[in-house]
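Chains as they are written, first to last, in this note's numbering: chain R, 1 to 402; chain X, 1001 to 1402; chain D, 2001 to 2358; chain L, 3001 to 3358. Positions of the beta carbon are idealized from the N, C-alpha and C atoms, including for glycine. Given the structure is predicted, the values throughout are model-derived calculations rather than measurements.
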Amino acid sequence: MQYDFTAEQIAWRDEVRAFLKDNATEALIMETLEIGNEGKGPESTKFMAALQKKGWWSLAWPKEFGGMDRDPMDTWIFVDELEKAGVPMMPLTVTSVAPTIMRIGTEEQKAYWIPKIAKGDIDFALGYSEAEAGTDLAAATSKAELKDGKWIVNGQKMWTTMAHMGTHVWTIVRTEPDEPKHKGLSMIIVPLDAPGVTVTPIMVWPGLRTNAVFFDNVEVPEAYQMGQRGMGFYYAAMALNFERLSLGSIAMAHRSFKLVVEVVKEATFDGQALKDDPWIRERVGRIQMEIDAARLMTLETAWALQGGGMPIAESSMSKIYASELTQNITDLCTQILGMSGQLHFSDKSTLGQGWMQWLYRLAPMFAFGGGTNEVQRDIIGFMGLGLPKPSSKKLVKPGTKS
Amino acid sequence: MQYDFTAEQIAWRDEVRAFLKDNATEALIMETLEIGNEGKGPESTKFMAALQKKGWWSLAWPKEFGGMDRDPMDTWIFVDELEKAGVPMMPLTVTSVAPTIMRIGTEEQKAYWIPKIAKGDIDFALGYSEAEAGTDLAAATSKAELKDGKWIVNGQKMWTTMAHMGTHVWTIVRTEPDEPKHKGLSMIIVPLDAPGVTVTPIMVWPGLRTNAVFFDNVEVPEAYQMGQRGMGFYYAAMALNFERLSLGSIAMAHRSFKLVVEVVKEATFDGQALKDDPWIRERVGRIQMEIDAARLMTLETAWALQGGGMPIAESSMSKIYASELTQNITDLCTQILGMSGQLHFSDKSTLGQGWMQWLYRLAPMFAFGGGTNEVQRDIIGFMGLGLPKPSSKKLVKPGTKS
Amino acid sequence: MHPVPTDDQEAILHEIRKFLTKSVDADKCMAWEKEPGSAVSALKSSVAELGWFGYSAPEDVGGSEAGFVDLSLLYEELGRGLLPLQVINYMRGVQAVVDLDPKCSLLNNLTTAEKTICLSFDEEFNRLPENYDVKIEGDAVYGRKCYVLNAESADYHLVAAKEKGGLSLVVVENKDLKFQPLKTMADDSQAHVDYSGAKVIARLGDAGNGKEAFDKMWLNQRLLALSEMLGSMFCVLDTTVDYIKERWQFGQPIALFQAVRHQTADMATTVTACRHLTRQAITRTVAGTVESTEVLSALAYVGQAYKKVCWAGHHLHGGTGFVVEHPMHWHSERAQSYCIRYTPEAPFLKAITAKLLD
Amino acid sequence: MHPVPTDDQEAILHEIRKFLTKSVDADKCMAWEKEPGSAVSALKSSVAELGWFGYSAPEDVGGSEAGFVDLSLLYEELGRGLLPLQVINYMRGVQAVVDLDPKCSLLNNLTTAEKTICLSFDEEFNRLPENYDVKIEGDAVYGRKCYVLNAESADYHLVAAKEKGGLSLVVVENKDLKFQPLKTMADDSQAHVDYSGAKVIARLGDAGNGKEAFDKMWLNQRLLALSEMLGSMFCVLDTTVDYIKERWQFGQPIALFQAVRHQTADMATTVTACRHLTRQAITRTVAGTVESTEVLSALAYVGQAYKKVCWAGHHLHGGTGFVVEHPMHWHSERAQSYCIRYTPEAPFLKAITAKLLD
């Protein structure tokens, strides 16, 4: 039993750190605040190019697809360092969609899509949610019909982040209307420049943009339907599973907290050094303690993946823990900063770079997005603790006649 | 809009306080700790006699039953002062069962039972719960059959506090086995000295005694069945409603907290005055704040009853709030007392009279007992906020065809 | 005890609510945020016609002489109805003048909103008046005030500054002042302001003798903040209850999920606690019957609770409540802004403790 | 990284668990509580035969030389299996001697449990060694120690006391000592002890030079407390999960109520956090690779979390878990007793803060 990284892992961490020292520029960090983790501004484009040059773009991909075949622990270390540096995360196209294509695509599909993704020529927006199918993904009503060797796609997707910057949507649509709702969906790729695709912006509280995407008789080649028909719901779950490694990361909040700690060390309000205020002192200690706990929880996911497991309950725990903790951290830290805590990061006079105010507005999304925390708690109960499901076949009370 | 008591209410409060100054002796308080609020030791017997002499025993009863007909606000003030003094509460026989009998009993029944209760000759244990019917009261399986003008009672009741000290059990039993479960129960009084009644002790964590009561072909006069047959579940609910006024009281925790505050003012650990410890200072402030909030919440119940309302959601809120707060208070205060916080109240060297350690062990019961907090939250949702019930007739999504 | 508004008060509140429902909606809020000047100005005039600027001012300066309890109920409705902060803050400016000097002649124009006034108190690293650096010398104000709401648009600035070793409360005109506008969470038009010799045109109280009056005025501002927060919580709770009944997922309204129902129940419990703490603090402060820690507890409790209610509201609304067109975020922004400005938790907790221990 | 026991470790733990399942049950616990002497003494002998008293002691004093990580896993099982505190505290006594002086000749009898030793450190209002009033003068101990576990029954007392302006760690015999027995939450046989000239029969370390060794030993005691708490939490979680599957109300297992399921999920999440914090703190302390605040965080976090897990366990068990025959209350008693003695929250939170700010 031990918690230390191996010498190789430490060397790898240091290599990533050295890279970030050169490439995580102040300009990049500010841009990330403005357009979000998944945004694609000039600085992040430059940064992604540097990652690509390093080969780290396809860090976890198998060698056969030109990847470095790094294991989950190395990937965890990589993601952790990126987040702590405040730079954009790797695009989901690379970390979630590509691995899914590698598993479900035909040889032709793999040969067609993977190299383009590797080069950065293709960037997917994820089209899972709809207005009436958020947490309940399987209720999607967007549909596609196969006509004359082409899919005709109709419907609407919501919260399609990146759709205004990407090249394609990776989306689930109903293709088998007569099957039960979970079994009637298929995974289809829709080019964003196809006639009939409309992308309209949805601005959310933190000032970030996401989109609604409308499909109006959009024609898509038959070969753009990936894997088996009717399996779309399960493929989406598979793609989401590939995101587990970065689910529940506390690194961004940790980074912001460290900036606040620096402020607390220096600042004086009303003639009292912040660091002498007992209310502030207790909160600083408690936040650090909680961050120490949260950080360890994500490690287990990586370790379990390393061993070939699928740590579903574990990553749900991380997700709940980190999302609720982030909200607390931003709340407390915004207060610690006093009147300055209200200031936007674009305001030059803000303390702690204004990250906390931005995170304050972003944090609620961590709890309801990516599978609401209620669903995550259900998952822990069902998958982690083996609790009975309401839907399971009629339960019989022990000791009574059935 | 105002929150002040009237001059009459303040005068009444002062009258109660003056009485308690003379009658809330140290010996009585210690006895209450040992045998619990509902216990019946020599000191509490003396105290109850004093209350009876004052006429306060039947404070809230209508004049026609020999009561003082005090209104809910006056009753609230009375209960609040008693709890703050750390003395036993009025028996439920007087505050819950008697008012129910006044409503549901026949003239003969009222004439028979009420004067005996008024004199203190009759003291009921409440027999609602069973081993398999705790929160789900309507699932009770204890039963009674009417044979030759007598009820033959069989079955078992759990958590029948006071059964070893009372004269009768006020209990619900199944009399209409063919009716739906809520409509098959009746309210019956069973004398505890009747042949076939066995009372066995159940000791619980705080050191208090409650009981299991077994009925083995117990014969009960037909007239001991109260109100309509099949209405027992609803009568139990009615009796519980009469308890609402004292539901969610924070007074006992408040009293214990004040004792701890006195310790904090004086004590020095490791050369540091407790009152200079920032961790303790924050907790003292926060507990007082929460007590201020909790106390107000119970007031609304009294005020609503005063106006003729039945503040069901409001008293559920109070109950949740006070029970969870009490647990927090005892936890924090036990820690504030340091090593002494582990000491039993019977240990002479304990600080703060050892109340907090006792409350620490008692507090979980406040949350799961008296209707679990889950049920209370459901009640707030259904009754207070008008949320739909799962059992209500098939809901139709707005905008869809039914 | 009568812990709810009287029937007469309810009737007035009903009218206020009607006006706000008609005058404020999400589209307008979006527009005002982009262009706070003109549109808000129109609304300000309607509000002035309703007499809200002079609600508690003496009749002879154009006021309605409402008591503080009635005033607080008005502020509850302002919070519930999301009246733009720019307008609320003009109203707060008038209220401060009324509290400090109800006979001040400026009130004649302030109660009609022909003129407006802003409150210029905070400094970059000083919030307590005893620490202020800004000074009055020979009837002119010198120094820098910070986080001043409506600083650029108000006609007058009510400045609290050091004078004769004490505190003075004076009014200067918004003329030749230097501003550093701020971008804030609640988009509430704040700026840092440099006063380099701005001339005092009116004094509220004696020179150097204003500390006690300031504290009383500022307590009232805080109490009104509690009322606003409470009204806002009512709105968030109602909106959330409506939403969970209407929003279907997995073939049923999400209100049927026990976890959703219980979170909403907890919101309601929190709002109930805030309702009592707020209204008790206000009515008993007015009646002079405050006991022990109860006002401090309200000040420490309500703001933090307000944020929790907003988070729960966000959470249960999910994406729907996260778009900028949905009112949820305005409530949440106010929650933290108000906590920071009016009811930070720490000083009140400390004051409660001091009362018990010191 | 390998954040779980190895297969070899698991095999050992399995045997430990088997023994405890067989040897400890609620009836026995009830009996031991009434009569801690005789019955516990029999159990102590079985435990001695298993070699637990000398688990980490050197071979030449009858020990098994297990490393601290393995020792901590043993303690996890002790917590899970509710080994009576009297026995655990005898084991802890031996461990303290091993930590302070592994060559101490007393260990020969301590590892076989022929003799027992208790830890006599705390004083009525002093917990920090630098503040102790108890003194050693001319090889005799004078003064009063408090809250000493197993004080009356142990053969030896390991006393920490002032000497030569520093701290000494000495052993005295339980002879002619005056006791004031205490009734405590966890019924763990504590007493205040008066030493009026008790003779020192052994010294662990040099006179007046024991502070550093004391701190190291006491840190180990604390880390073992984390392990016990963790094991106990495993048990509470497992018991609760079983119970909510079996307990029916309203025609279904209560596990089907989302509110019940979610509370249990939160228990599991808390236990997971505690598992990592505890095991990281221990393995990295042993490896000498501790980074930043991680050990302090474990010490501040786990005890408080343990109590929360116990409360949730009580809550979900309802009346069933509240009777004295049900094991729940023993866990809950240990939770608060351990927090108070080994891992009070405040000092560790303060230490974390100091590390970041000072």
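Through-space distance from residue j to residue i, alpha-carbon basis
i: residue 3028 of chain L; j: residue 1225 of chain X; result: 44 Å
i: residue 2282 of chain D; j: residue 2068 of chain D; result: 8 Å
i: residue 3087 of chain L; j: residue 3136 of chain L; result: 29 Å
i: residue 3095 of chain L; j: residue 3126 of chain L; result: 23 Å
i: residue 3164 of chain L; j: residue 3207 of chain L; result: 7 Å
i: residue 2148 of chain D; j: residue 2106 of chain D; result: 20 Å
i: residue 2344 of chain D; j: residue 3247 of chain L; result: 45 Å
i: residue 3050 of chain L; j: residue 3155 of chain L; result: 21 Å
i: residue 3290 of chain L; j: residue 3284 of chain L; result: 5 Å
i: residue 2048 of chain D; j: residue 2115 of chain D; result: 11 Å
i: residue 3142 of chain L; j: residue 3061 of chain L; result: 30 Å
i: residue 2098 of chain D; j: residue 2299 of chain D; result: 22 Å
i: residue 1402 of chain X; j: residue 186 of chain R; result: Unreliable positioning characterises residue 1402 of chain X in this predicted model, as indicated by a pLDDT of 43, which lies under 50. A coordinate reading is not provided.
i: residue 1029 of chain X; j: residue 2077 of chain D; result: 48 Å
i: residue 1320 of chain X; j: residue 2111 of chain D; result: 46 Å
i: residue 18 of chain R; j: residue 205 of chain R; result: 35 Å
Helix, strand or coil at residue i according to DSSP, with G and I counted as helix
i: residue 216 of chain R; result: strand
i: residue 3246 of chain L; result: helix
i: residue 170 of chain R; result: strand
i: residue 2120 of chain D; result: strand
i: residue 2266 of chain D; result: helix
i: residue 2147 of chain D; result: strand
i: residue 203 of chain R; result: strand
i: residue 2208 of chain D; result: coil
i: residue 3329 of chain L; result: helix
i: residue 402 of chain R; result: With a pLDDT of only 43 at residue 402 of chain R, under the threshold of 50, the placement of this residue in the model should not be trusted; the figure read from the coordinates follows. Coil at residue 402 of chain R, not helix or strand.
i: residue 350 of chain R; result: coil
i: residue 152 of chain R; result: strand
Contact belief for residue i with residue j at Cβ below 8 Å, rounded distance in angstroms
i: residue 135 of chain R; j: residue 372 of chain R; result: 5 Å
i: residue 1199 of chain X; j: residue 1356 of chain X; result: Not a contact, Cβ separation roughly 32 Å.
i: residue 242 of chain R; j: residue 58 of chain R; result: Not a contact, Cβ separation roughly 13 Å.
i: residue 3258 of chain L; j: residue 2346 of chain D; result: The pair is not a contact, with the Cβ atoms about 36 Å apart (cut-off 8 Å).
i: residue 999 of chain X; j: residue 3315 of chain L; result: One cannot answer for residue 999 of chain X here, as it falls past the ends of chain X, which runs 1001 to 1402.
Which residues DSSP lists as bridging residue i, in chain order
i: residue 2168 of chain D; result: D:2161
i: residue 1226 of chain X; result: X:1187
i: residue 995 of chain X; result: The first residue shown for chain X is 1001 and the last is 1402, placing residue 995 of chain X beyond what the model contains.
i: residue 2195 of chain D; result: D:2143
i: residue 3345 of chain L; result: Paired residues: none, contrary to the question.
heavy atom of the ligand GDP below 6 Å from residue i C-beta
i: residue 3189 of chain L; result: Only the bare structure without any ligand can be found here, which leaves the ligand GDP out of the picture.
Handout entry: Near-chain X residues of the segment 3117-3136 of chain L - C-beta to any C-beta below 9 Å
Key = So the close ones are 3122, 3124, 3125, 3126, 3127, 3128, 3130, 3131.
Practice task
Report the residues of the segment 1359-1392 of chain X with a CB closer than 7 Å to any CB of chain D, ordered along the chain.
Solution key: Considering only beta carbons, the part of the segment 1359-1392 of chain X lying closer than 7 Å to chain D consists of 1377, 1378, 1380, 1381, 1384, 1385, 1387, 1388, 1390, in chain order.
Handout entry: Selection of the segment 3297-3319 of chain L by Cβ proximity to chain R, strictly under 7 Å
Key = If the cut-off is 7 Å between Cβ atoms, the segment 3297-3319 of chain L has 3297, 3300, 3301 near chain R.
Handout entry: Contact residues within the segment 1325-1347 of chain X, judged by C-beta distance below 7 Å to chain L
Key = Going along the segment 1325-1347 of chain X in chain order, one finds 1327, 1331, 1334, 1335, 1338, 1339, 1341, 1342, 1343, 1344, 1346, 1347 with a Cβ nearer than 7 Å to chain L.
Practice task
Determine which residues of the segment 2253-2282 of chain D have a Cβ less than 8 Å from any Cβ of chain L, and write them out in chain order.
Solution key: Residues of the segment 2253-2282 of chain D whose Cβ lies closer than 8 Å to any Cβ of chain L, in chain order: 2257, 2258, 2259, 2262.
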